[in-house]
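To start, the structure under review is shown below, and the notes come after it.
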Amino acid sequence: MTSRPDRYAVIGHPVAHSLSPRIHTLFAQQTGEALEYTAIDVPPERLVHDVRDFFADGGRGLNVTVPHKQAAMSLADELSARARRAGAINTLAMDAASGRLEGDTTDGVGLVIDLTGNLGVPIGQRRVLLVGAGGAARGVIEPLLACAPGELVIANRTVERAAQLAREWSADGPVRAASLDLPDEQAPFDLIIQATAAGLAGEMPLLPVRSVGSATVCYDMTYGREESPFLRWARRAGATRCHMGLGMLVEQAAESFRLWRGVRPHTAPVLAALRASGQR
Ligand code: ATR
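Count the sequence shown with this note's numbering and you get residues 2 to 281, in order.
Next comes the structure, spelled out in structure tokens:
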């Protein structure tokens, strides 16, 4: 009798566009791990039911994406310290021995590994601008501050949300809030990370051109087939080092895979395969 491979999936709504099944299938082939990974569309009203069902039926792990990253926290029996602080999870893992469901987030570490490892962008002592103060921004503040930037400015359309985040992380490093017009910043930043949802509507947060110089690394946490409105603007403003978030996606996936299987896949060949099919 052949046993069924361990089952994993990404849940989101919508989720059909997700690259996670392709990424994890490539990871499984590369590492020889016997697993299957699918995408499951879960509308918010079915979240509790469908997650419980998945694990009751023997599922081993889930990735959690928009719009469930915050709501799914309450389904975990245990949360990692970083997930608790981020206020979101992107990974659920069933511990077979204890039967307990563990929630974690690998988004922030995925971003930092892509920046510092894949792209060779230093963060230590650099001036970093994080644009956005929603769930996506929250999830990356702790790992960014752990890299000891010279300063981290969080700019948001609604300034009070940025101020709230700056207060929450004030003990972790030099972090402060600003409005999108950045009235106190005269020199270009070393690194700008776009973490708003504006691109989904074909828009971008309205930043001043002086925030960007030719040496500024501009990074958009979203991915797709086209460069985002923010990166198109950054190029026009003079930036030459512009990156979409495909590497962050693959690195957070590798960290989830490691949590589930105890082995970290090589990400470079997977990133290359995705780029070869037009993703960025
Ligand atoms: P996510 O989980 O994707 O971060 P969210 O928590 O709803 O989603 O946060 C969305 C973020 O995108 C916020 O920072 C939001 O700014 P506000 O806090 O002022 O709402 C930002 N955002 C969305 N559309 C935007 C736009 N057109 N211009 C600038 N910022 C935008």
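Just so it is clear, CB atoms sit at the ideal spot from N, CA and C, and this is done for glycine as well.
Here the structure is a predicted model, which is why all the values come from computation and not from measurement.
Between the ligand ATR and PRO206, a heavy atom-to-CB distance of less than 8 Å is present. Between the ligand ATR and ASN64, a heavy atom-to-CB distance of less than 8 Å is absent.
Between the stretch 149-167 and the stretch 233-250 there are fewer than three C-beta pairs closer than 8 Å, too few to call the two in contact.
Distances from the CB of ASN157 to the heavy atoms of the ligand ATR include at least one below 8 Å. For a cut-off of 8 Å, the C-beta gap from ARG281 to TYR224 is around 7 Å, short enough to register as a contact. With respect to the 9 Å criterion, GLY214 and ALA188 are classified as neighbours on the basis of their beta carbons. Comparing alpha carbon positions, the residue from ALA196, GLY239, SER229 and LEU260 closest to THR217 is GLY239.
Around the CB of GLU103, 16 or more other CB atoms lie within 10 Å, so the residue is classed as buried.
Runs of the beta strand (DSSP E) lying entirely within the stretch 227-269 and spanning at least 3 residues, in chain order: 242-244.
Per DSSP, the continuous alpha helix (DSSP H) segment holding GLY136 begins and ends at 136-147. When the Cα atoms are used, THR66 and ALA137 turn out to be separated by approximately 11 Å. Beta bridge pairing from DSSP links ALA29 with no other residue.
Pairing LEU63 with GLU37, the inter-Cα distance amounts to about 12 Å. Short of 8 Å from the beta carbon of ARG128, and not among the five residues preceding or following it, lie these beta carbons of its own chain, in chain order: PRO150, GLY151, GLU152, VAL154, ALA188, PHE190, ASP191 and LEU192. Here the C-alpha atom of GLY100 lies approximately 24 Å from the C-alpha atom of GLY13. In this structure, the CA atom of ARG83 is about 19 Å from the CA atom of ASP96.
Boundaries for VAL16: no alpha helix (DSSP H) harbours it, and the DSSP string shows neither H nor E there. In the structure shown, the three-state DSSP call for ASN91 is coil. For GLY109, the closest alpha carbon among the candidates ARG85, VAL16 and ALA98 is that of ARG85. Distances between the C-beta of VAL67 and the heavy atoms of the ligand ATR include at least one below 8 Å.
Fully contained in the stretch 107-136 are the following alpha helix (DSSP H) runs of length 4 or more, in chain order: 108-113. Straight through space, the alpha carbons of PRO15 and MET74 are spaced by roughly 19 Å. Here DSSP, grouped into helix, strand and coil, assigns LEU166 to helix. The DSSP-derived three-state label of ARG177 is strand.
Look at ARG158 here: in three-state DSSP terms it is coil, with no helix or strand label.
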